[in-house]
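Accompanying notes for the structure given below.
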Amino acid sequence: MDNKKKLVEIINRLKKEYPEPKIALNYRNPFELLVATMLSAQATDVHINKVTETLFKKYKSAKDYADVPMDRLKKDISSINFYNNKAKNIQASARLIIEKFNSKVPKTMEELISLPGVARKTANIILSNAYEINEGIAVDTHVKRLAYRLGLTKHEDPVKIEKDLMAITPKEDWSNISHLLIFHGRKICQAKKPRHMECALYDICPSRNI
Ligand code: SF4
434 MDNKKKLVEI INRLKKEYPE PKIALNYRNP FELLVATMLS AQATDVHINK VTETLFKKYK
494 SAKDYADVPM DRLKKDISSI NFYNNKAKNI QASARLIIEK FNSKVPKTME ELISLPGVAR
554 KTANIILSNA YEINEGIAVD THVKRLAYRL GLTKHEDPVK IEKDLMAITP KEDWSNISHL
614 LIFHGRKICQ AKKPRHMECA LYDICPSRNI
């Protein structure tokens with residue numbers, strides 16, 4: 434089976450396993466999704482959702498994040514890994530969004546990655562989830578691991594993996610494939626102990642014996 438056909442098969446099977454593939458972070462608008470995604474690097478979505486439940490009640494707009502004293506913002510997110518840098522990036526992004534983008538989270542890859550702390554993965558998450566724009570495929574640690582194990586890429590660099598996946602995935606599934614691989618990576622194809630025997634992709638996976 435070539436990789437294009439295999440990818441379609443993977444999507445079909447995983448959609449049966451996870452009928453509602455969607456982002457696990459809670460948010461009510463594009464700016465909240467930006468903040469939640471920036472906070473989520475090297476942290477669990479469950480923990481981020483706990484923190485943002487309070488955070489989003491306190492800060493309601495880009496202006497709130499732009500104006501708050503840095504020490505207070507850091508304290509509010511201090512239970513999250515790398516909170517110092519994340520607080521600085523969130524505030525700098527909020528200020529840039531106000532100054533350059535009329536207080537609205539931009540809708541293009543180029544503009545999004547001009548924000549401090551925003552790379553392609555975060556930009557793809559914002560574009561596909563907040564605006565339903567499929568401009569690329571968000572490659573996080575689960576997507577990276579599963580794409581490699583399933584033989585869909587030989588690369589380890591997220592930008593190259595994204596290119597490989599974009600070349601074989603139907604565009605309407607660019608957002609889905611990311612969510613599906615993340616769900617499957619969390620539940621079955623875990624980093625340390627992949628549960629091969631319970632895996633819906635067992636017979637088409639070249640790594641089933643690792
Ligand atoms: S067979 Fe194993 S390595 Fe392959 S996707 Fe399933 S759990 Fe992961």
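Offset between the sequence shown (1-based) and this note's numbering: plus 433.
Note that the Cβ used here is the ideal one computed from N, Cα and C, for glycine as well.
- Between the beta-carbon of Ile559 and that of Leu545 there is about 6 Å, and that keeps the pair under the 8 Å contact cut.
- Residues Ala633 of the same chain have their beta carbon placed closer than 6 Å to that of Glu450, with the five preceding and five following residues left out of the count.
- With contacts defined by Cβ atoms closer than 8 Å, Glu631 and Ile621 form a contacting pair.
- Around the Cβ of Gly569, a 10 Å sphere holds 16 or more other Cβ atoms; the residue is buried.
- Judged by DSSP in its simplified three-state form, Phe515 adopts coil rather than helix or strand.
- Contact check for Lys554 against Pro591 passes: the beta carbons are separated by less than 8 Å.
- For Gly618, the number of other beta carbons within 10 angstroms of its own is at least 16, and it is reported as buried.
- In the three-state DSSP reduction, Asn459 falls in the coil class, being neither helix nor strand.
- The alpha-carbon of Ile601 is positioned some 28 Å away from that of Met471.
- The continuous alpha helix (DSSP H) containing Met503 extends over residues 503-509.
- Under the three-state reduction of DSSP output, Ser526 falls in the helix class.
- Not one heavy atom of the ligand SF4 sits closer than 7 Å to the Cβ of Tyr498.
- The three-state reading of DSSP puts Asp435 in coil, since its state is none of H, G, I, E or B.
- In the three-state DSSP reduction, Asp597 falls in the helix class (H, G or I).
- Closest option to Pro452, judged by alpha-carbon separation, among Lys626, Asn514, Leu613: Leu613.
- Counting the other CB atoms within 10 Å of its CB gives Ala469 a total of 16 or more, which places it among the buried residues.
- For Tyr564, the shortest separation between its Cβ and any heavy atom of the ligand SF4 does not lie below 7 Å.
- Assignment of Ile615 by DSSP, reduced to helix, strand and coil, places it in the helix class.
- Following the DSSP letters along the chain, one finds Lys537 in no alpha helix (DSSP H), marked with neither H nor E.
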